[in-house]
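Peer 1: Numbering (this note's numbering), first residue to last: 983 to 1238. The beta carbon of each residue, even a glycine, is placed where N, CA and C say it ideally should be.
(1) Closer than 8 Å is the cut-off here; do at least three beta carbon pairs connect the region 1062–1077 with the region 1223–1238?
(2) Determine, using beta carbons only, whether residue 1184 and residue 1214 come nearer to each other than 9 Å.
(3) Tell me, which residues are paired with residue 1077 by DSSP?
(4) What's the C-alpha gap between residue 1096 and residue 1108?
(5) What are the boundary residues of the beta strand (DSSP E) that residue 1019 is part of?
(6) Under the three-state reduction of DSSP, which class applies to residue 1119: helix, strand or coil?
(7) Looking at C-alpha atoms only, which residue of 1042, 1162, 1125, 1037 is the closest neighbour of residue 1093?
(8) Report the CB separation of residue 1016 from residue 1197 in whole angstroms; it is logged as a contact under 8 Å.
(9) Pull up the CB-CB distance for residue 1028 and residue 1186, whole angstroms please, since I reckon it's below 8 Å.
(10) State the beta-bridge partners of residue 1192 as determined by DSSP.
(11) Return yes when the Cβ of residue 1163 is within less than 9 Å of the Cβ of residue 1119, no when it is not.
(12) Classify residue 1090 as helix, strand or coil using the three-state DSSP reduction.
(13) Who are the Cβ neighbours of residue 1036 in its own chain at under 6 Å, not counting the five residues just before and after it?
(14) In the DSSP assignment, what are the bridge partners of residue 989?
(15) Along the chain, where does the alpha helix (DSSP H) that runs through residue 1137 open and close?
(16) So, with DSSP's three-state summary, where would you put residue 1158?
(17) Using beta carbons (cut-off 9 Å, strictly below), is residue 1064 in contact with chain D?
(18) In chain order, what residues of the same chain have a beta carbon less than 6 Å from the beta carbon of residue 992, not counting five sequence neighbours either side?
(19) Go to residue 1065, then tell me how far its alpha helix (DSSP H) extends in each direction, as first and last residue.
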């Protein structure tokens, strides 16, 4: 299998917010895709550890990132970007949280776009527009797009608050824009890093640990993903779609 992949991560997206956000796109695409609303993230359910486990397919105890502060791995595990670089694939990142720069090792990305306006209400739109413009021109093999406003509004107003649901609505609009432009040429993987409760996350409670996973593409049959789907399964899935072997150290398995 050799597909191109767009991975969209909506920070702090609780699955139960999707049907309540007032936008129909995510519920509709989930029904038409290979998906689950009951996947699990890793402990601690904190942004950077979860992202590291997504990209490196190992638990935080293995990659060593336990907070939102990056530290060098004692015995480094290759991530998605390193495996794709070895295979000659072109990769690009679009994000607004600077700590995510450490998800890839120096030299493994072909393009990286970062905006520091983390707390502006239109940041997700700017990230989306930048990604859309770049993809249209260069058609890279793998694109990671990070939408972070949901997490900010969760912390500021509370998960499942009106403000949080409005941010989920906006993220849905952004993903729809990308999907309408590129679904004929890319497989889309839509996921969260963690959920949230009250105005926080990081615990092992279900509100923090349960995440959605949606995989959509013209060659992907609709269906329900296994009940034990985990965020560590995303890296093996990405490289499998791109026709690249998973790393021997990875703990997850391809969902395709």
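Peer 2: In short:
(1) The answer is yes - the region 1223–1238 touches the region 1062–1077, with three or more Cβ pairs under 8 Å.
(2) No, they are not a contact pair.
(3) According to DSSP, residue 1077 bridges with 1096.
(4) Going by the C-alpha atoms only, they are around 10 Å apart.
(5) Looking at the DSSP string, the run of the beta strand (DSSP E) that includes residue 1019 is 1016–1022.
(6) Annotated three-state conformation of residue 1119 is helix, per DSSP.
(7) Residue 1125 is the option with its Cα nearest to residue 1093.
(8) Right, the Cβ-Cβ distance comes to about 4 Å (below 8 Å), so this counts as a contact.
(9) With 8 Å as the limit, residue 1028 and residue 1186 do not qualify as a contact, their Cβ atoms being about 12 Å apart.
(10) BP columns for residue 1192 point to 1022.
(11) No.
(12) Correct three-state label for residue 1090: coil.
(13) Cβ within range, chain order: 1213, 1216.
(14) The beta-bridge partner set that DSSP reports for residue 989 consists of 1126, 1171.
(15) 1131–1139 is the span of the alpha helix (DSSP H), which, as asked, contains residue 1137.
(16) Residue 1158 sits in a helix when the DSSP states are folded into three classes.
(17) The question asks about chain D, but that chain is absent: this structure has only one protein chain.
(18) The beta carbon of residue 992 is closer than 6 Å to those of 1129, 1132, 1153, 1174 in its chain, skipping five residues each way along the sequence.
(19) For residue 1065, the enclosing alpha helix (DSSP H) starts and ends at 1062–1068.
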